[in-house]
Ligand code: PMP
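Numbering (this note's numbering), first residue to last: 1 to 409.
This is the structure:
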């Protein structure tokens, strides 16, 4: 158990937003799976960029443009290290996970998926890892197959193995589920997919803030993440793709930056990674993403993992003490996300009452409506923890839930 060390206090000082009262009560922020808070270093990186080097990248001969380009490209290198990609050509900046998955569905899908081919996703996917594949499958007359989960909210690996076949073109799976906290056995899934020649896209939106990513060790073909879930800015993220596959893919959006030469007769495309980065990019976002990775590296994965595990264990223990509270998602391998139902109370009512007590949780379907249908519920309450959360905050949630229970039942 780490939980209340001076290191946590030092970390919390870097998040001024946490040090405030809402509804007359000190804020407890347990909605980190939706978006994390931002440390001063990330906020400062955005401010410094606009104060000192704001300029467009890759184009100008003037000094400011060079400085902005250097900072932008330095971020790409830091992102490459963060996911352990072989080359910066494999790091495509995007708006986030949603855009990254759409990019693959569009550029890989429209080139390599044809009539009768199969794409496998799972029952626990976020809408952003369902809808792009539905659109693609409808257009290409391909088939979308859904891998089921077991009663603990884990992927049913036997059923997954039965679904996979020579017809499978792509498997697109969430690494860590935002609604259940389940950590999927990504390496095994990738191995099985590769055995039949299928490619694998990993949705690492929730994994990126919680554990070290290593695309070479995983051997995934694509991986997406969103900066805002890992202490970085909104509207920023990346798509990792293996260079040889990205080379073969069609451009996603067309315009400036992604071209080599344009004439009215013919256009040639820029090299990777610029081929997939049409238009002026989110320059301050990329620079702030670097700051968020620096922040994570400074704390260190060992500490983050240890602290989050302690929060998950303590949170699970306390919430389980509440009579009538049911935890939804009890995977053996789980991240610091606890979805639950408080008796028959509607999650929305629980969320509003907790909000009145200064406690921010998420309620609803968490952009996983099909999963909620599978579970036979409308939604859940979800408390999701980050490294800056504390044992005392979990105690506040526990007490808040007891009070909510009295009011609602
Ligand atoms: N996948 C998962 C598992 C997520 O949790 C989210 C965000 N809730 C997304 C995809 C979409 O991410 P974004 O909205 O940042 O594009």
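All C-beta atoms in this analysis are idealised placements derived from N, C-alpha and C, irrespective of residue type, glycine included.
Just so we're clear, the structure is a prediction, and the values are computed from it rather than from any experiment.
**Study point:** Any 3 or more C-beta pairs closer than 8 Å across the region 147 to 162 and the region 217 to 228
**Key:** The region 147 to 162 vs the region 217 to 228: no contact.
Review point. When the Cβ atoms of the region 323 to 335 are set against those of the region 176 to 196, are three or more pairs found closer than 8 Å?
Key: Judged by Cβ distances under 8 Å, the region 323 to 335 makes contact with the region 176 to 196, as three or more pairs qualify.
Exercise for review: Quick one: which unbroken alpha helix (DSSP H) runs of 4-plus residues sit fully inside the region 112 to 157? Chain order, please.
Suggested key: Taking 4 residues as the shortest admissible run, the region 112 to 157 contains the following complete alpha helix (DSSP H) segments, listed from N- to C-terminal end: 131 to 140.
**Study point:** Those runs of the beta strand (DSSP E) which lie wholly inside the region 145 to 215 and span at least 3 residues
**Key:** Counting whole runs of 3 or more residues, the region 145 to 215 contains the beta strand (DSSP E) stretches 168 to 174, 199 to 203.
Point to revise | Candidates 233, 186, 140: closest to residue 35 by CA position | key: Residue 35 has its Cα closest to that of 233, out of 233, 186, 140.
Point to revise | Pairwise C-alpha distance: residue 136 and residue 194 | key: A direct Cα-to-Cα measurement between residue 194 and residue 136 gives close to 21 Å.
Review point. If you run the structure through DSSP and keep just helix, strand and coil, what is residue 21?
Key: In this structure, residue 21 counts as strand in the three-state DSSP scheme.
Practice item. Pull up the DSSP beta-bridge partners for residue 92, would you. Key: Answer is 239.
Practice item. Could you tell me the distance, in whole angstroms, from the CA atom of residue 17 to the CA atom of residue 304? Key: For the pair residue 17 and residue 304, the Cα-to-Cα distance works out to about 20 Å.
Practice item. With residue 284 as the anchor, note down where its alpha helix (DSSP H) starts and where it stops. Key: Counting along the chain, residue 284 sits inside the alpha helix (DSSP H) bounded by residues 283 to 299.
Practice item. In the DSSP assignment, find the unbroken alpha helix (DSSP H) run with residue 222 in it and report its ends. Key: In this chain, residue 222 is not harboured by any alpha helix (DSSP H); it is covered by the beta strand (DSSP E) spanning 222 to 226.
Point to revise | Spatial distance of residue 113 from residue 312 (CA atoms) | key: Approximately 40 Å, taken between the alpha carbons.
Check your understanding: Taking the alpha helix (DSSP H) that residue 75 falls in, what are its first and last residues?
Key -> Element bounds for residue 75: 63 to 83.
Review point. Can you give the beta carbon distance from residue 102 to residue 132, rounded, assuming they're within the 8 Å contact cut?
Key: Cβ atoms of residue 102 and residue 132 come within 8 Å of each other, at about 5 Å.
Review point. For residue 35, which three-state DSSP category applies?
Key: Residue 35 falls in the coil class under three-state DSSP.
Exercise for review: Return the chain-ordered list of same chain residues with a C-beta closer than 8 Å to the C-beta of residue 64, the five sequence neighbours on each side being excluded.
Suggested key: For residue 64, where only same-chain residues beyond five positions count, the Cβ hits under 8 Å are 53, 54, 55.
Point to revise | Best match in 26, 8, 215, 94 for proximity to residue 285 [C-alpha to C-alpha] | key: Among 26, 8, 215, 94, the Cα nearest to that of residue 285 belongs to 94.
Exercise for review: State the start and end residues of the unbroken beta strand (DSSP E) segment that holds residue 260.
Suggested key: Run containing residue 260: 259 to 262, per the beta strand (DSSP E) assignment.
Review point. Is it buried or exposed for residue 100, if we count other Cβ within 10 angstroms and need 16 for buried?
Key: When all chains shown are included, residue 100 counts as buried.
**Study point:** Local conformation of residue 401 per DSSP, three classes
**Key:** In the displayed model, residue 401 falls within a helix according to three-state DSSP.
Point to revise | Neighbourhood of residue 350 by C-beta, 6 Å cutoff - its chain only, sequence neighbours within 5 removed | key: If we look at residue 350 and ignore the five residues flanking it on each side, its Cβ neighbours are 342, 381, 404.
Review point. Using CA coordinates, which residue listed in 69, 62, 156 is at the minimum distance from residue 188?
Key: Comparing alpha carbon positions, the residue from 69, 62, 156 closest to residue 188 is 156.
**Study point:** Pick from 315, 339, 338 that is closest to residue 390, judged by C-alpha positions
**Key:** For residue 390, the nearest C-alpha among the options comes from 315.
Check your understanding: Leaving out the 5 sequence neighbours to the left and right, which residues in its chain are closer than 6 Å to residue 199 when beta-carbon positions are compared?
Key -> So the qualifying residues of the chain are 170, 221.
Exercise for review: Verify whether the separation of the beta carbon atoms of residue 30 and residue 292 is less than 9 Å.
Suggested key: Not a contact, by the Cβ cut-off of 9 Å.
Review point. Where does residue 382 fall in DSSP's three states?
Key: In the three-state reduction of the DSSP assignment, residue 382 falls in the strand class, which pools E and B.
Review point. What do you reckon, is the C-beta of residue 31 under 8 Å from a heavy atom of the ligand PMP?
Key: Residue 31: no, Cβ never under 8 Å from the ligand PMP.
Exercise for review: Could you tell me which of 340, 344, 192, 47 sits nearest to residue 166, measuring between CA atoms?
Suggested key: Per the C-alpha coordinates, the member of 340, 344, 192, 47 positioned closest to residue 166 is 192.
Review point. For residue 110, which three-state DSSP category applies?
Key: Helix at residue 110.
**Study point:** For residue 294 and residue 354, the rounded distance between their alpha carbons
**Key:** Distance from the CA of residue 354 to the CA of residue 294, rounded to the nearest whole angstrom, comes to 33 Å.
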